[in-house]
Amino acid sequence: MDITAELIQVKGARLHVERAGRGPALVLISGGGGDAAMYEEIVPLLAGRFTVITFDRRGNSRSPLEEPGGPIGVAEQAEDVVSVLDHCGIDRAFVFGNSGGAIIVVELVARHAHRLLGAVAHEPPLVQVLPDDSPERRELQDIARLGREKGVMRAFAAFGAMTLPDPPWIFRSAWGRAAIAVASRVGLLLGAVARSVTRREPSSMTRILGNTDLLIRRELPEFCFAYRPDLPALGGTAVRWCTAVGDDSVGRPYHRPALVLADRLGVSCERFPGGHTAYQEGPREFTTRLLTILDRWSS
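All residue numbers in the sequence shown are consecutive under this note's numbering, ending with 305.
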């Protein structure tokens, strides 16, 4: 399987974009802290039927902002997807997004439905559609507070634990979160040293750790607290779309919002095997389920 990669200029940023396969376009949008590599297990499974497009979202990994404090809001990132389609000469595409990427999918459905063949919003942490005192909202607020009071690595450890179906005890303990924070700092330092010596491309894990500050300090508040989905626009669209949840994600902050949003708008909430990162946990099972949904829309 051949993968082509290029930097695409968009308003306020340059995006690292990868393409593989042939057929109708399918854009995979990563969640917070991630990049194109998050989907590397499923791209080969999809590329036989689709032109699969993955990219590093603005400000993350290999997609630098033109200005350090440049906009990273949901609206701008939805427009980035449209700009990628324009650059690639693609009129309409299927889109799939996980977590923060699913929030971008929701905005695409509301604002850019004419560019979509269909859309899957997998576990968007849209706690904005829940009551102010909901446990899901409080959990995300606690992570944001950790970032402000204890540092982004402590918050990132809590964020990571939240996305695991059954977090190991080390993630649940204060000692474990502190240890992970120290290890992460050491990892960033060693990664920087290694890159300066070898001048090699940093690993995906190093890139993800490098995205932590943006995730905790800017994207978490922007996506989970400031953004408000346009419910009338979502309810009035003609594009085929759905929310989705994982079988192992019950009780997580990103599970109930998908159910509530689907119920309010009268769209389906599809079930996937696995948890929040099912595309990594069980790529073949995940791909089979995604293809079932896309095939239904294509028939």
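Note that beta-carbon positions come from the ideal geometry of N, C-alpha and C, so glycine has one too.
Suppose you measure from the CA of residue i to the CA of residue j; what does that come to, to the nearest Å?
i	j	result
proline 54	asparagine 104	First, the residue type needs correcting, since residue 54 is glycine and not proline in the sequence shown. Taking the straight line from one Cα to the other gives about 22 Å.
leucine 21	proline 137	36 Å
arginine 234	histidine 118	16 Å
valine 188	valine 158	Note that valine 188 scores 49 on pLDDT, short of 50, meaning its location in the model is unreliable and no value can be drawn from it.
valine 111	glutamate 155	31 Å
glutamine 286	methionine 44	8 Å
threonine 283	threonine 169	7 Å
arginine 144	valine 88	33 Å
histidine 120	aspartate 219	34 Å
glycine 40	aspartate 97	26 Å
How would you label residue i, buried or exposed, when you count the other beta carbons within 10 angstroms and need 16 or more for buried?
i	result
leucine 114	buried
glutamate 73	exposed
arginine 262	buried
aspartate 62	buried
leucine 13	exposed
glycine 95	exposed
glycine 241	exposed
serine 36	buried
Do residue j and residue i count as a contact pair if the criterion is CB distance below 8 Å?
i	j	result
alanine 99	valine 33	yes
isoleucine 59	valine 90	yes
leucine 215	leucine 237	no
valine 23	leucine 296	no
arginine 246	glycine 124	yes
proline 30	threonine 57	yes
leucine 146	proline 130	no
glutamate 142	proline 227	no
glycine 27	leucine 221	no
To which residues does DSSP link residue i through a beta bridge?
i	result
valine 80	BP columns for valine 80 are empty, so no partner.
histidine 22	Leu13
threonine 249	Ala127 and Cys275
alanine 99	Leu122
alanine 31	Thr57
leucine 71	Ala19
asparagine 217	Beta-bridge pairing links asparagine 217 to no other residue.
asparagine 104	His128
List the whole-angstrom C-beta distance separating residue i from residue j, where the pair is believed to meet the contact cut-off of C-beta under 8 Å.
i	j	result
alanine 19	proline 50	That belief does not hold up - the Cβ atoms of alanine 19 and proline 50 are roughly 28 Å apart, past 8 Å.
alanine 116	alanine 239	4 Å
Quick one: is residue i near chain C, going by C-beta distance under 8 Å?
i	result
histidine 120	This model lacks chain C altogether; it includes just one protein chain.
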